[in-house]
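Participant: Just dropping this structure here.
Number of protein chains: 2
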Amino acid sequence: MAKKQTKSSTATAAPRVFTAADKETLSKLEALADRVIAAAEAGRDPFLDIPSRTLSNVRWCPRKKIIEMGRSTNRRQLFNLHQAKAFMQTLLVAKGAAELIHAGKTLSIRGLYYRLKHRIKGTSENTFETQEECDPIIEDLEVLLDSLREQLHLYADKRGDMVGNIVLVDSGDEIDCSRMGSGGYAIPSIVEPEVIQFKKCTAKFVLHVEKGTVWTRFNEDKFWQKHNCILTHGAGQPPRGVRRLLYRLHNELGLPIYCLLDNDPWGYYIYSVIKQGSINLAYESPRMAVPDAKFLGLRSCDFERCGLSDSVKIELNQVDRRRALQIAKYPWFAQKKEWQREIKQLLDNGFKLEVEALISKDISYVTEVYTPERIAKRDWLD
Amino acid sequence: MAKKQTKSSTATAAPRVFTAADKETLSKLEALADRVIAAAEAGRDPFLDIPSRTLSNVRWCPRKKIIEMGRSTNRRQLFNLHQAKAFMQTLLVAKGAAELIHAGKTLSIRGLYYRLKHRIKGTSENTFETQEECDPIIEDLEVLLDSLREQLHLYADKRGDMVGNIVLVDSGDEIDCSRMGSGGYAIPSIVEPEVIQFKKCTAKFVLHVEKGTVWTRFNEDKFWQKHNCILTHGAGQPPRGVRRLLYRLHNELGLPIYCLLDNDPWGYYIYSVIKQGSINLAYESPRMAVPDAKFLGLRSCDFERCGLSDSVKIELNQVDRRRALQIAKYPWFAQKKEWQREIKQLLDNGFKLEVEALISKDISYVTEVYTPERIAKRDWLD
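Structural data, given as C-alpha cells:
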C-alpha cells in the first residue's frame, strides 16, 4: 500500500529541474546505492563505512576553532546479524531522502520515520519501532554522505524569529525584515541557499538573544533600527535553522554575531554550541559553527557592575554547579583565562542571573544601556 | 533605586497619546487606586472583591457555548494578616501595568515579576519570592478589572506562525501573509486591534494545525493557496496570542476555524480550549474562545477509513485513558453523541494516531486528500 502511494506520488509530480545542491546530494545517494549493488553483483558482502559519532571520535581543532570529527569509522555489514537491521535502515533512510528530493518536497524527521516505518514483508519485524531508532540513522547518513540533513530534505521543529535591516528572498517571496511588525519573520528549519537568498543587507551586526520574550523587548524598542542590526532569537537552545542562518549571515555577509544570553551554565552552553558546534553532532560544525561569535553577556560581574539588587539573584543548584565545572573544562573554554574567570566568578557568586533581571533597573535598560555599552566598548567574552 | 529608575523612565518618555483601549484600562486602574485611597481617607479598611478563580466558580454556559466564571468573589483586605501581602501585591501589579501603559511599552510576565520584585524597605521581606507568586496576582487583576493581560501590556511567550491569503498591519508594518516564504509570519503575543489590524482578507477559512512540522508540510504544498485559506499553528497547545488571533479572525472576518489535531486526549484538549476556553482561565473565554470551531481530525475512525497500517499505531497508556475519560465528562463533550462515540472508539481502539501518521500513505496525503475531503464533505466533529 505504502509502496503504491510512493509510486503515484512520484509519477504525478512534474519533471523536476534539480538545483545544483539537489543534484550533488542525489549523486551521493546514487553512488551509495551503486556501491551496494556492485558489491552484491560481485558476490562480496555489502558494507558501509560510517564515520563514528562517538565522543572518542570528536576533537577540538584549535586552528579552525570548531569541534570536529576524527577519522575513525565503523563498518556496517549486511551479512552480520548484529548489523543487518541497521544496514537495512540506513539504505531505507537513503531511499526516503532520494524520494523527497525527486518529489521536490521536504519532511520532518518524525514524518520520515512514519514514512519509512512498516512491517517487513513475511516477518513480524517493523523497519523501525520508534523515532529514536530512526533519528540516529539519519545522522549516520549525514556523516556518511557529508550532507546536512537539510540537504537530504529533512527538517526538525522550527523555532526562532528575526527582524532587522535585511531583505531576503524565501522560496521566491521577498521579505523585508525591517517591516515585520511586532511578530517578526519566523525562521524556517531549512535555510539553505536554495531556499533563502540574501537580497539586501545594510545591517552591521547580528544580535542573537536567548528567548522570545527578550527579543520582543528589543523589537519593541526598535533596537535593530537604532543600532542598524539584525535581531534573532532561538527560543532557548537555537534549532538548526537558526544556527545555520547565523552561520550564513556571518560567512556570506560578514556580519559579527553577538550573543546575549543568561548568566548561567545553560547560557554558556548555548554560546558554546553557536560558536564551536555541538559535541553530539560534531560533523555539522563546519557548516553551522561561528567561531567568531562573541558573548556580550550577561556576565558574572554584571551584578556589581550594573548595581543590581539582591532580589534578582537565583541561587545555583547542584546541577548548575556540576554543569559549570564541566563547561569550564571544555578545551575551547579551558584555554581562555577570561572564561575561566567568568565561570569561577559564577561559582563564587553562588547565584545566576537571567537577562530579564536587568528589567529591575528599568524596562529598557537592557536595550538602551546594557547592550549598546557592551558593543561600543567591545566589551565581550570571546 | 528601582523607584528612581521608574520615575526617570516615565519622565523621559514623550507625552503619549493613549489609544482608546489604553485609556479604558488606565481609567480602570485609576478607579481601583481611587477606591483604596477613598477607603483609607474615610478611615475604612481598604479591600478588593476579586472574582473567585476556583473551579467551583467556573461553569459551562450552554447558550453561549463557552466556559465562564460565576459571580462569587473573595474579599482581599489590607488589614488582615493572611491577606495583607496579596493585597499589596495586587496593587503593585496594578502600578506596574499603569507604568507600562504610561511608557507605551509591554513586558513579559516574567519581566514584570523582575520589575516589581524588591526587598520591602525596613523589612526582610521581598514583594514576591518567585514568579509563581506573581502570575496568579496578574490573573486576579485581569478578572478584577475585566481586562485581558494584553490590555495590561503584558505578554507570555510567543509561539506559532501564520501564512495565507490575508494582509494585515502589525505596528504600522503591512504584512502580506501570502508572501511569507517557507518561514511565515511569527504570531506575536499581543494581537489586540491596537497592534494588529486586518487590511484585506480573501481567505474563506482558517486551518489551524497542531505542530510546526505539520504546518510546514501544508505551507510547502501551498495548501492555503489552492484552498484559499489561512494556515496557523500553535506549537502544541496554542499560546494566548494564537487563540486571540483565531478569535478575531472568526469574529471580525467571519472565517470558520477548522482544527487538525492528533487523535489523542491531548489533541481533544487543544480543541476544547480553542473552542470552549480553558478551565483555569475561564474569565478569558468571552474574548478567546471560538465556540464554532470544528474538529476536522484526526478521528478514531481514521485508522480504518484511511486504510492505515498497524505500524503507525501508538498504544494508549494509563495517563491517556484517564485523560480521555475525564474529557468525555466535560459538559460540552458529555452532551454530544458524536464526541462520546469518538472518545469511546479511541479507548476501544487502544491506540492513538498522530497527524504525521498520514504521511505513511503518501507525503502529501494529508494536504491533498485527507483535509480537502473533510472540508468538502463538511465531515467534522462540532
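Respectively, the protein sequence lines represent chains A and B. With this note's numbering, letter number 60 in the first sequence gets 60, and the count goes up by one each step, no holes. Every position in the second sequence, counted from 1, becomes a number in this note's numbering once 1000 is added. Glycine included, every Cβ here is placed at the ideal spot set by N, Cα and C.
Report the neighbours of A/SER52 on chain B: residues whose CB is nearer than 7 Å to its CB, in chain order.
Facilitator: To locate residue 52 of chain A, count along the first sequence from 1; it is residue 52. The premise fails here: A/SER52 is roughly 29 Å from chain B at the closest Cβ pair, so nothing lies under 7 Å.
Participant: Under 8 Å between beta-carbons, which chain A residues line up against B/ASP1264? List them in chain order, please.
Facilitator: Stepping through the second sequence from its first residue, residue 1264 of chain B is reached at position 264. The contacting residues do not exist; B/ASP1264 stays about 15 Å from chain A at best.
Participant: Give me whichever residues DSSP pairs with B/PRO1051 in a beta bridge.
Facilitator: Here residue 1051 of chain B refers to the residue found at position 51 of the second sequence. Bridge partners of B/PRO1051: B/THR1073.
Participant: Are at least three pairs of beta-carbons, each pair with one atom in the stretch 214-233 of chain A and one in the stretch 1102-1119 of chain B, less than 8 Å apart?
Facilitator: yes
Participant: List, in chain order, every chain B residue whose beta-carbon is nearer than 8 Å to that of A/VAL206.
Facilitator: On the first sequence, position 206 is the one that residue 206 of chain A refers to. Residues of chain B passing the Cβ test: none, with the nearest at roughly 16 Å.
Participant: Could you check which residue in A/LEU316, A/LEU112, A/ASP140 has the C-alpha nearest to that of A/PHE128?
Facilitator: Within the first sequence, numbered from 1, the residue matching residue 128 of chain A stands at position 128. Per the Cα distances, A/LEU112.
Participant: Less than 7 Å separating the beta-carbons of B/ILE1050 and B/ASN1080?
Facilitator: If you number the second sequence from 1, residue 1050 of chain B lands on position 50. If you number the second sequence from 1, residue 1080 of chain B lands on position 80. B/ILE1050 is not a Cβ neighbour of B/ASN1080, given a cutoff of 7 Å.
Participant: Helix or strand or just coil, what does DSSP make of A/ASN228?
Facilitator: Sequence index remark: in the first sequence, residue 228 of chain A carries index 228 (1-based). Coil.
Participant: Mind checking if A/THR12 is an interface residue toward chain B, Cβ cutoff 7 Å exclusive?
Facilitator: For this step, residue 12 of chain A is matched to residue 12 along the first sequence. Residue confidence for A/THR12 is low, a pLDDT of 49 falling below 50, so the modelled location carries little weight; the figure read from the coordinates is stated next. No, because no Cβ of chain B sits closer than 7 Å to the Cβ of A/THR12.
Participant: Figure out for me which residue from A/PRO188, A/GLU210, A/VAL143 has the closest Cα to the Cα of A/VAL58.
Facilitator: Counting from one through the first sequence, the residue named residue 58 of chain A turns up at place 58. It is A/VAL143.
Participant: Which stretch, first to last residue, makes up the beta strand (DSSP E) that contains B/GLU1174?
Facilitator: Position 174 of the second sequence, counting from 1, holds the residue named residue 1174 of chain B. Where B/GLU1174 is concerned, the enclosing beta strand (DSSP E) stretches over 1173-1176.
Participant: For the stretch 1104-1134 of chain B, which residues have a CB atom closer than 7 Å to at least one CB atom of chain A, in sequence order?
Facilitator: LYS1105, THR1106, LEU1107, SER1108, ARG1110, GLY1111, TYR1114, ARG1115, LYS1117, HIS1118, ARG1119, ASN1126
Participant: Along the stretch 138-166 of chain A, what residues have a CB closer than 7 Å to any CB found in chain B?
Facilitator: TYR155, ASP157, LYS158, ASP161
Participant: For A/VAL383 and B/TYR1283, what's the separation of their Cα atoms in angstroms?
Facilitator: Given that chain A is displayed from residue 1 to residue 382, the structure contains no residue 383 of chain A and the question cannot be resolved.
Participant: Is the beta carbon of A/ASP320 less than 7 Å from the beta carbon of A/PRO265?
Facilitator: Here the question's residue 320 of chain A lines up with position 320 in the first sequence. Here the question's residue 265 of chain A lines up with position 265 in the first sequence. Result yes, Cβ atoms of A/ASP320 and A/PRO265 sit closer than 7 Å.
Participant: If we count Cβ pairs, one from each stretch, closer than 8 Å, do we get three or more for the stretch 1232-1243 of chain B versus the stretch 1148-1167 of chain B?
Facilitator: yes
Participant: Quick check on B/ILE1175 - is its C-beta less than 7 Å from some C-beta in chain A?
Facilitator: Translated into the one-based positions of the second sequence, residue 1175 of chain B becomes position 175. Yes, because at least one Cβ of chain A sits closer than 7 Å to the Cβ of B/ILE1175.
Participant: Can B/VAL1209 and B/LEU1260 be called in contact, C-beta distance under 7 Å?
Facilitator: On the second sequence, position 209 is the one that residue 1209 of chain B refers to. On the second sequence, position 260 is the one that residue 1260 of chain B refers to. Their beta carbons are under 7 Å apart, which means B/VAL1209 touches B/LEU1260 by this criterion.
Participant: Along chain B, in chain order, which residues have C-beta atoms closer than 9 Å to that of A/VAL242?
Facilitator: Reading the first sequence from its first residue, position 242 is the one you call residue 242 of chain A. Under the 9 Å cutoff, chain B gives no residues; its nearest Cβ is about 11 Å from A/VAL242.
Participant: Below 8 Å on the Cβ atoms is my contact criterion, and I expect A/GLY96 with A/LEU116 to pass it. Report the Cβ-Cβ distance as a whole number of Å.
Facilitator: Here residue 96 of chain A is taken as the residue at index 96 of the first sequence, counted from 1. Here residue 116 of chain A is taken as the residue at index 116 of the first sequence, counted from 1. Going by Cβ atoms, the distance from A/GLY96 to A/LEU116 rounds to 5 Å, so yes, they are a contact pair.
Participant: Of all the residues that make up the stretch 287-311 of chain A, which are near chain B by a beta-carbon distance shorter than 8 Å?
Facilitator: GLY307, SER309, ASP310, SER311
Participant: Might you give, ordered along the chain, the residues of its own chain that have their beta carbon closer than 7 Å to the beta carbon of B/SER1009, omitting 5 neighbours on each side?
Facilitator: Taking the first residue of the second sequence as 1, we reach residue 1009 of chain B at position 9. Its pLDDT being 43, under 50, B/SER1009 is placed unreliably in this model, and the value from its coordinates should be taken loosely. So the qualifying residues of the chain are ALA1103.
Participant: Name the chain B residues that come within less than 7 Å of A/GLY183, Cβ to Cβ?
Facilitator: Residue 183 of chain A sits at position 183 when you count from the first residue of the first sequence. The answer, in chain order, is ASP1170, TYR1185, ALA1186, ILE1187, PRO1188.
Participant: Is A/ALA2 close to chain B? Criterion is C-beta to C-beta, closer than 7 Å.
Facilitator: As a position in the first sequence, residue 2 of chain A is number 2, starting the count at 1. Residue confidence is low: A/ALA2 scores 39 on pLDDT, short of 50, so the model does not pin down where it sits. Its coordinate-derived value is still stated next. Cβ-Cβ to chain B under 7 Å: yes for A/ALA2.
Participant: Taking Cβ to Cβ, would you say A/ALA324 is nearer than 7 Å to A/LEU346?
Facilitator: For the purposes of this step, residue 324 of chain A is taken as residue 324 along the first sequence, with counting starting at 1. For the purposes of this step, residue 346 of chain A is taken as residue 346 along the first sequence, with counting starting at 1. The answer is yes: Cβ separation under 7 Å.
Participant: Identify, in the order they occur along the chain, each residue of the same chain with its Cβ nearer than 7 Å to the Cβ of A/ARG378, setting aside the five sequence neighbours on each side.
Facilitator: Residue mapping note: residue 378 of chain A aligns to position 378 of the first sequence, counting from 1. So the list is empty, once near-sequence residues are dropped.
Participant: Counting C-beta neighbours from all protein chains within 10 Å, is the total for B/ARG1063 16 or more, i.e. buried, or is it exposed?
Facilitator: By one-based count along the second sequence, residue 1063 of chain B stands at place 63. By the neighbour-count rule (16 or more Cβ atoms within 10 Å), B/ARG1063 is not buried but exposed.
Participant: Go through its chain and collect everything with a Cβ distance to A/ILE274's Cβ below 8 Å, but skip five positions before and after it.
Facilitator: Within the first sequence, the letter at position 274 stands for residue 274 of chain A. Answer for A/ILE274: HIS208, PRO238, ARG243, LEU246, ILE257, CYS259, ALA289, VAL290, ALA293, listed in chain order.
Participant: Please state whether DSSP places A/ALA42 in a helix, a strand or coil.
Facilitator: Position 42 of the first sequence, counted from the start, is the residue given in the question as residue 42 of chain A. Residue state, collapsed to three classes: coil.
Participant: Would you mind reading off the limits of the beta strand (DSSP E) that contains B/ARG1059?
Facilitator: Here residue 1059 of chain B refers to the residue found at position 59 when the second sequence is read from its first residue. Per DSSP, B/ARG1059 belongs to the beta strand (DSSP E) from 1058-1061.
Participant: How far does the alpha helix (DSSP H) with B/PHE1218 in it extend, from its first residue to its last?
Facilitator: The residue you call residue 1218 of chain B lines up with position 218 of the second sequence. Counting along the chain, the alpha helix (DSSP H) containing B/PHE1218 begins and ends at 1212-1220.
Participant: Check A/ARG119 in the structure and name its three-state DSSP category.
Facilitator: To locate residue 119 of chain A, count along the first sequence from 1; it is residue 119. Of the three classes helix, strand and coil, the one that applies to A/ARG119 here is strand, per DSSP.
Participant: Tell me which residues of the stretch 344-358 of chain A have at least one Cβ-Cβ distance to chain B shorter than 9 Å, keeping chain order.
Facilitator: Residues passing the 9 Å Cβ filter: GLU354, GLU356, ALA357, LEU358.
Participant: For the structure I just gave you, are there three or more beta carbon pairs, one from the stretch 294-311 of chain A and one from the stretch 82-101 of chain A, closer than 8 Å?
Facilitator: no
Participant: Listing by chain order, which chain A residues have their CB less than 9 Å from the CB of B/THR1213?
Facilitator: By one-based count along the second sequence, residue 1213 of chain B stands at place 213. Result: LEU107, SER108, ILE109, ARG110, GLY111, TYR155, ALA156, ASP157, LYS158, SER189.
Participant: Quick one: what's got a C-beta closer than 8 Å to B/ASP1362's C-beta in the same chain, skipping five residues either side?
Facilitator: For this step, residue 1362 of chain B is matched to residue 362 along the second sequence. Answer for B/ASP1362: GLU1368, VAL1369, listed in chain order.
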